[in-house]
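Notes follow once the structure below has been shown.
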Amino acid sequence: MGSCGAAGSVRARYLVFFQYLGTDFNGVVAIRGSQRAVGVQNFLEEAAKRLNSVEPVRFTISSRTDAGVHALSNAAHLDVLRRSGQPPFSPEVLTQALNTHLRHPAIRVLKAFRVSSDFHARHAATSRTYLYRLATGCTWPQLPVFERNICWALQTDCLDVAAMEEAAQHLLGTHDFSAFQSAGSPAKSSVRTLRRISVSPGPTSPFVLPHENRRLQFWTLEFESQSFLYRQVRRMTAMLVAVGQGILTPTHVKEILESRDPLGKHQTRIAPAHGLFLKSLHLPLVPTSKAQVLCKVNSKGQSHGTDGHISAGGLGKAILEQ
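The sequence shown begins at 1 in UniProt numbering and counts up one residue at a time.
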């Protein structure tokens, strides 16, 4: 379960789920040596200093998100090496300690689990789901102030959802998504398998005044894949919105995908970061010789019995080692 450290100390590895509002951050990954730009990871690791680990605690992030992008539930693994004779923290104590010492109100640790020493939060993820929020019937200045950093206000009264769904069918499956990646992508291959795309009316915002409800409509786009290229979701979103607005046709999307050209006339479209959320990720069960309690984690950090995988966002299963 744990490995030995210096002078008999026991190193314990944990998987933590956490959420954040990305508005104030330069992405989730830590920014080293900068006085201005900070990532969510910077605050998590600053809070982890209060654990008094023998070695510095470093978070290995499961899913990277850009500046301004939010997460309903992301995940990371970390190792904590307590001083000799001190038992490992329980997951509950670790969660409480991190939340107590977090210095930014837009970050919250949802849940922690003990995992095997070879568990890797990024490599273990078998699927990731992103959600993008749109608003029609208003411009950005007309949005409720509480919605301005969490959705994209389109200057249109309606969307052709049927055309968007037709265009989405061309993107489903395994393709070379070169046309939908931004420059600077570290990926060795641009081939990805898009398992699911959906376009659906979103729930009514509680922040919209009654007299505005008649014209303001929210929409939700969801994308599921094991992994995505750099800014792929935001580029696909922009393309589908262009179809919904009648600027492009579903056939155009097919042609753009087949062109594999990221610098074409329409390929430079990209949706704003602030409408994008990492909704959930799914991790397979981690083998261990220890006793196991199977549980499910939802976005509120609550757990209950299930039958066997780790998941963020409550869409899969989780495993807790005792």
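By construction, the Cβ of each residue, glycine as well, lies at the ideal position given by its N, Cα and C atoms.
Opposite A183 in the DSSP bridges: which residues? Looking up residue 183 in the sequence shown gives position 183. Per the DSSP secondary-structure output, A183 pairs with nothing in a beta bridge.
Can you tell me whether DSSP reads Q19 as helix, strand or coil? Translated into positions along the sequence shown, residue 19 becomes position 19. Strand, per DSSP.
Where does the unbroken alpha helix (DSSP H) through residue 341 begin, and where does it stop? Residue 341 cannot be examined here, being either before or after the span of the chain that is shown, 1 to 322.
So, with DSSP's three-state summary, where would you put A47? Counting from one through the sequence shown, the residue named residue 47 turns up at place 47. Of the three classes helix, strand and coil, the one that applies to A47 here is helix, per DSSP.
At a cut of 8 Å, does the segment 236-244 reach the segment 13-30 through at least three beta carbon pairs? Contact between the segment 236-244 and the segment 13-30 is absent: fewer than three C-beta pairs spanning the two stretches fall below 8 Å.
S225 (DSSP reduced to helix, strand or coil): Translated into the one-based positions of the sequence shown, residue 225 becomes position 225. Note: S225 maps to strand in three-state DSSP.
Tell me whether the segment 55-66 and the segment 110-118 touch, counting them as touching only if at least three CB pairs, one residue from each stretch, are closer than 8 Å. No, they do not touch.
List the residues that DSSP assigns as beta-bridge partners of C197. Along the sequence shown, one-based indexing puts residue 197 at 197. According to the sequence as given, residue 197 is Ile; it is not Cys. The beta-bridge partner set that DSSP reports for I197 consists of F223.
If you draw a straight line from the alpha carbon of F43 to that of L229, how long is it in whole angstroms? Indexing the sequence shown from 1 puts residue 43 at position 43. Indexing the sequence shown from 1 puts residue 229 at position 229. Distance from the CA atom of F43 to the CA atom of L229, rounded to whole angstroms, is 26 Å.
Could you round the C-beta distance between A179 and S259 to whole angstroms and report it? I think they count as a contact, below 8 Å. Along the sequence shown, read from residue 1 onward, the residue named residue 179 stands at position 179. Along the sequence shown, read from residue 1 onward, the residue named residue 259 stands at position 259. Indeed they touch by this definition, with Cβ atoms about 6 Å apart.
Is it true that the CB of H175 sits closer than 8 Å to the CB of K254? As a working mapping, residue 254 is identified with position 254 in the sequence shown. As a working mapping, residue 175 is identified with position 175 in the sequence shown. If you check the CB distance, K254 and H175 do not come in under 8 Å.
Candidates P210, S84, A135: closest to A271 by CA position: Taking the first residue of the sequence shown as 1, we reach residue 271 at position 271. Among P210, S84, A135, the Cα nearest to that of A271 belongs to A135.
Along the beta strand (DSSP E) that carries A112, what are the first and last residues, could you check? As a first step, residue 112 is located in the sequence shown; it is residue number 112 there, counting from the start. In the DSSP annotation of this structure, the continuous segment of the beta strand (DSSP E) that includes A112 starts and ends at 107-115.
Assuming D138 contacts F218 under a Cβ cut-off of 8 Å, what Cβ separation, rounded to an integer in Å, is found between them? Position 138 of the sequence shown, counted from the start, is the residue given in the question as residue 138. Position 218 of the sequence shown, counted from the start, is the residue given in the question as residue 218. As written in the sequence, residue 138 is Cys, which differs from the Asp given in the question. About 10 Å separates the beta carbon of C138 from that of F218, a gap too long to meet the 8 Å contact definition.
For L171, three-class secondary structure by DSSP: Stepping through the sequence shown from its first residue, residue 171 is reached at position 171. In the three-state scheme derived from DSSP, where H, G and I count as helix and E and B as strand, L171 is classed as helix.
Rounded C-beta distance between S53 and R82? I'm assuming under 8 Å. Position 53 of the sequence shown holds residue 53. Position 82 of the sequence shown holds residue 82. At roughly 7 Å, the Cβ-Cβ gap stays under 8 Å, so S53 and R82 are in contact.
For the structure I just gave you, are there three or more beta carbon pairs, one from the segment 119-129 and one from the segment 182-193, closer than 8 Å? In short, these stretches do not touch, since the Cβ pair count stays below three.
In the DSSP assignment, find the beta strand (DSSP E) that holds L278 and state where it starts and stops. Translated into the one-based positions of the sequence shown, residue 278 becomes position 278. Where L278 is concerned, the enclosing beta strand (DSSP E) starts and stops at 276-283.
Rounded separation between A106 and T23 - CA only: Position 106 of the sequence shown, counting from 1, holds the residue named residue 106. Position 23 of the sequence shown, counting from 1, holds the residue named residue 23. The straight-line gap from Cα to Cα measures roughly 9 Å.
Shortest alpha-carbon distance to A67 belongs to which of V57, G39, G85? Position 67 of the sequence shown, counting from 1, holds the residue named residue 67. The residue from V57, G39, G85 with its alpha-carbon nearest to that of A67 is G39.
Quick one: what does DSSP say I61 is sitting in, helix, strand or coil? As a position in the sequence shown, residue 61 is number 61, starting the count at 1. Strand.
Through-space distance from R231 to L240, alpha-carbon basis: Numbered from 1 along the sequence shown, position 240 holds the residue referred to as residue 240. Numbered from 1 along the sequence shown, position 231 holds the residue referred to as residue 231. A straight line joining the alpha-carbon of L240 with that of R231 spans about 14 Å.
Closest by C-alpha distance to A48, when choosing among T204, T100, Q86: Here residue 48 corresponds to residue number 48 of the sequence shown, with the count starting at 1. Answer by Cα proximity: T100.
Do the CB positions of T220 and G202 come within less than 8 Å of each other? Here the question's residue 220 lines up with position 220 in the sequence shown. Here the question's residue 202 lines up with position 202 in the sequence shown. Between T220 and G202, the gap from beta carbon to beta carbon is short of 8 Å.
Reducing DSSP to helix, strand and coil, say where S53 ends up. In the sequence shown, counting from the first residue as 1, residue 53 sits at position 53. Secondary structure at S53: coil, using DSSP grouped into helix, strand and coil.
Identity of the residue in E222, F177, G264, F17 nearest E92 by Cα: In the sequence shown, counting from the first residue as 1, residue 92 sits at position 92. Checking every option, the nearest Cα to that of E92 belongs to F17.
Cβ separation of Q19 and A71, assumed to be a contact under 8 Å, to the nearest whole Å: To locate residue 19, count along the sequence shown from 1; it is residue 19. To locate residue 71, count along the sequence shown from 1; it is residue 71. With 8 Å as the limit, Q19 and A71 qualify as a contact, their Cβ atoms being about 5 Å apart.
Taking 8 Å as the CB-CB cut-off, is T204 touching chain B? No chain B is present in this structure, which holds just one protein chain.
Buried or exposed, going by whether 16 or more other CB atoms sit within 10 Å of the CB of residue 325? The structure shown does not extend to residue 325, since the chain spans only 1 to 322, so no value can be given for it.
Is F18 near the ligand MG, in the sense that its beta carbon is under 7 Å from a heavy atom of that ligand? The ligand MG is not among the ligands present in this structure, which contains no ligands whatsoever.
From the DSSP output, in three-state form, read off Q86 for me. Translated into positions along the sequence shown, residue 86 becomes position 86. Residue state, collapsed to three classes: coil.
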